[in-house]
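K.L.:
Provided herewith is a single structure, encoded as structure tokens, for subsequent inquiry.
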Amino acid sequence: MPRDVLITGGSGGIGQELARRCVEIGDRVVVTGRDEGRLVASVERSGARPVVCDPTRPEEVETLVRDVGGSVDVLVNMSGGNADFDRQGVDHPRLDDVADAWRTNLDTNLRSTVLVTTAVLGEMRPGGAVVNVGSIGAEYASTSYGVAKAAVQAWTAGLSREVGPRGITVNCVSPGYIEDTGYFKGRLTPQRHAALVNATHDKRAGLPADVAETVLFLASAGARHITGQTVHVNGGAFTTR
Ligand SMILES: NC(=O)c1ccc[n+]([C@@H]2O[C@H](COP(=O)([O-])OP(=O)(O)OC[C@H]3O[C@@H](n4cnc5c(N)ncnc54)[C@H](OP(=O)(O)O)[C@@H]3O)[C@@H](O)[C@H]2O)c1
């Protein structure tokens with residue numbers, strides 16, 4: 210039976226690859242993004258159905274859920290990124306800028322996840338799966354982005370306890386450095402790339418497919434007893450022991 214899959218942030222590197230794979234295995238897939246041009250270009254590659262939506266806006270999320278209609282079997286909260294990317298490394302930031310960075314990153318990564326999940330959960334049937342997307346940055350939590358992703362991981366565990374009795378799993382996939390994505394906005398230096406690769410055990414950058422396949426597993430029938438977890442996809446750059 211084809212599953213109904215909703216992927217927010219499905220117009221980017223990891224989300225687009227996940228959407229392509231879900232379509233390939235026969236799922237009915239809706240992807241969202243805020244930038245219509247980027248979204249339309251991405252569905253030409255993935256074959257998913259596009260819906261323009263800013264997941265930080267409650268009214269747009271309500272419209273999205275009406276548009277998707279009925280029950281979603283798999284929700285993947287991929288939408289996100291470091292909204293403070295341009296301000297990194299400022300020695301004496303203005304407090305207005307600090308406030309703006311924290312608000313924006315919490316909105317982009319946490320609020321969006323909470324709003325879309327809350328809107329979808331009511332109709333989700335037993336057997337449903339929610340997969341949130343965190344980041345290796347959560348392990349250091351020294352930036353507004355890292356803290357926002359750490360909060361996503363914490364909320365994942367709490368929500369799992371709440372909806373587990375309904376037969377719904379909730380997990381978080383936490384990527385390390387993944388190349389071929391828009392995350393670094395084309396501004397990753399060769400030195401930084403080399404340092405990120407060197408931090409891994411397998412001495413390579415992650416690929417969108419590495420994360421997409423992990424999400425697919427967590428949403429599969431074989432993973433029904435895995436819930437409330439953060440699963441790391443980082444080549445060993447961070448280990449849980
Ligand atoms: N690539 C990495 O190295 C890496 C590492 C750790 C975690 N992650 C996480 O993986 C997820 C997917 O990111 P990606 O690597 O595939 O990057 P990407 O290619 O930039 O894709 C990001 C997706 O999220 C949407 N989005 C919504 N708000 C955004 C914002 N403020 N900044 C950037 N994109 C935003 C984008 O579409 P619109 O902008 O049109 O809405 C796009 O569909 C994100 O949650 C990211 O935090 C990535």
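Positions in the sequence shown are counted from 1; adding 209 to them yields this note's numbering.
For each residue, glycine too, the CB sits at the ideal point set by N, CA and C.
Please read all numbers here as calculations on a predicted model, not as lab measurements.
Answer yes if the segment 390-397 comes into contact with the segment 365-372, meaning at least three C-beta pairs across the two stretches below 8 Å, and no otherwise.
P.N.:
The segment 365-372 is not in contact with the segment 390-397.
K.L.:
With hydrogens ignored, establish whether the beta-carbon of Thr449 is closer than 6 Å to any heavy atom of ligand 1.
P.N.:
False, no ligand heavy atom lies under 6 Å from that Cβ.
K.L.:
Taking just the CA atoms, how far does Tyr349 sit from Val307?
P.N.:
Their backbone Cα atoms lie some 18 Å apart in a straight line.
K.L.:
Give every residue of the same chain whose Cβ lies closer than 8 Å to the Cβ of Pro267, excluding the five residues on either side of it in the sequence, and list them in chain order.
P.N.:
Counting only Cβ-Cβ distances below 8 Å, and skipping sequence neighbours, we find Leu324.
K.L.:
Sorry if obvious, but does the Cβ on Asp244 come closer than 6 Å to a heavy atom of ligand 1?
P.N.:
Indeed, a heavy atom of ligand 1 lies less than 6 Å from the Cβ.
K.L.:
Using a Cβ-Cβ cut-off of 7 Å (strictly less than) and excluding sequence neighbours within five positions of Arg433, which residues of its own chain qualify?
P.N.:
Taken in chain order, the residues that qualify are Thr378.
K.L.:
Confirm the yes/no value for this check: CB of Ile223, any heavy atom of ligand 1, distance under 6 Å.
P.N.:
Checking every heavy atom of ligand 1 against the Cβ of Ile223, one is found closer than 6 Å.
K.L.:
Using the Cα positions of Asp309 and Asp316, report the straight-line distance between them to the nearest angstrom.
P.N.:
Computed Cα separation, rounded: 10 Å.
K.L.:
Between which two residues does the beta strand (DSSP E) carrying Arg258 extend?
P.N.:
258-261 is the extent of the beta strand (DSSP E) around Arg258.
K.L.:
Can we say the segment 251-267 touches the segment 216-232, given the rule of at least three CB pairs closer than 8 Å?
P.N.:
Segments in contact, yes.
K.L.:
DSSP beta-bridge partners for Cys381?
P.N.:
Cys381 pairs with Asn341, Thr439.
K.L.:
To the nearest angstrom, report how far apart Pro384 and Gly445 are at their CA atoms.
P.N.:
If I take the Cα positions, the gap works out to 11 Å.
K.L.:
Quick test of your reading: Ile216 and Val240, contact by CB under 8 Å. State the CB separation rounded to the nearest angstrom.
P.N.:
Right, the Cβ-Cβ distance comes to about 5 Å (below 8 Å), so this counts as a contact.
K.L.:
Verify the contact flag: Thr317, CB atom, against every heavy atom of ligand 1, threshold strictly below 6 Å.
P.N.:
For ligand 1, at least one heavy atom lies less than 6 Å from the Cβ of Thr317.
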